[in-house]
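Just below is one structure, and these are the notes that go with it.
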């Protein structure tokens, strides 16, 4: 039997029915071989991060049990994004999107490969990821940084609103 790892996925969207898209993306992930969605946070509305001239984002976090490697899981996330109309443009970051799926945590692994960094390199800076992460995994630890609860306590929280 293949061992299962707990992985946390950040979900976000700010085009179309963003909350509906997140629900459909969670269902799509749960139907994939090697992935079981074991918990999902509430959705949160937050202002755009990095590039502010766009609609607010709807964000959530899903806790998965997976037998996939980090690279295979990332490839799956990218394929689900594409199914929902996400077209990544080389060099464009933080723009509006139909769906964004980020691999936040993969057990306690630290991965630094071309195109794949785990834990997510900005996780400790983003309340919109940490707040829902702590809903699904209250004792979450960010490898190399410590408890996620400590990271979120240092952030501005006035811009994150549950739906």
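In my numbering, the protein residues as written are 517 to 679.
Even for Gly, the Cβ is constructed at its ideal location relative to N, Cα and C.
Local conformation of residue i per DSSP, three classes
i, result
"residue 512", "With the chain covering 517 to 679 only, the question about residue 512 has no answer from this structure."
"residue 627", "strand"
"residue 644", "helix"
"residue 592", "helix"
"residue 576", "strand"
"residue 586", "helix"
"residue 656", "coil"
"residue 675", "coil"
"residue 581", "strand"
Contact belief for residue i with residue j at Cβ below 8 angstroms, rounded distance in angstroms
i, j, result
"residue 531", "residue 612", "5 angstroms"
"residue 617", "residue 676", "At roughly 19 angstroms, the Cβ-Cβ gap does not stay under 8 angstroms, so residue 617 and residue 676 are not in contact."
"residue 576", "residue 538", "5 angstroms"
"residue 573", "residue 528", "5 angstroms"
"residue 584", "residue 594", "With a Cβ gap of about 13 angstroms, residue 584 and residue 594 do not count as contacting."
"residue 652", "residue 560", "Going by Cβ atoms, the distance from residue 652 to residue 560 rounds to 13 angstroms, so no, they are not a contact pair."
"residue 643", "residue 671", "5 angstroms"
Beta-carbon contacts of residue i that lie in its chain and below 8 angstroms, excluding the five residues immediately before and after
i, result
"residue 660", "626, 635"
"residue 623", "521, 522, 523"
"residue 517", "Bear in mind that a pLDDT of 49 at residue 517, under 50, signals an unreliable position, so the number given afterwards is only what the model happens to contain. Counting only Cβ-Cβ distances below 8 angstroms, and skipping sequence neighbours, we find nothing."
Where the alpha helix (DSSP H) containing residue i begins and where it ends
i, result
"residue 665", "664 to 669"
"residue 543", "534 to 546"
Bounding residues of the beta strand (DSSP E) (the contiguous stretch that carries residue i)
i, result
"residue 633", "632 to 634"
"residue 526", "521 to 529"
"residue 620", "616 to 622"
Cβ neighbours of residue i in the same chain (closer than 7 angstroms, five flanking residues each side left out)
i, result
"residue 582", "520, 521, 523, 550, 551, 589"
"residue 554", "579, 580, 581"
"residue 649", "524, 577, 620, 656, 664"
Neighbour-count burial assignment, residue i, 16 or more Cβ in a 10 Å radius
i, result
"residue 640", "buried"
"residue 654", "exposed"
"residue 557", "buried"
"residue 567", "exposed"
Same chain only: Cβ atoms within 6 angstroms of residue i, ignoring 5 sequence neighbours per side
i, result
"residue 597", "615, 617"
"residue 657", "663"
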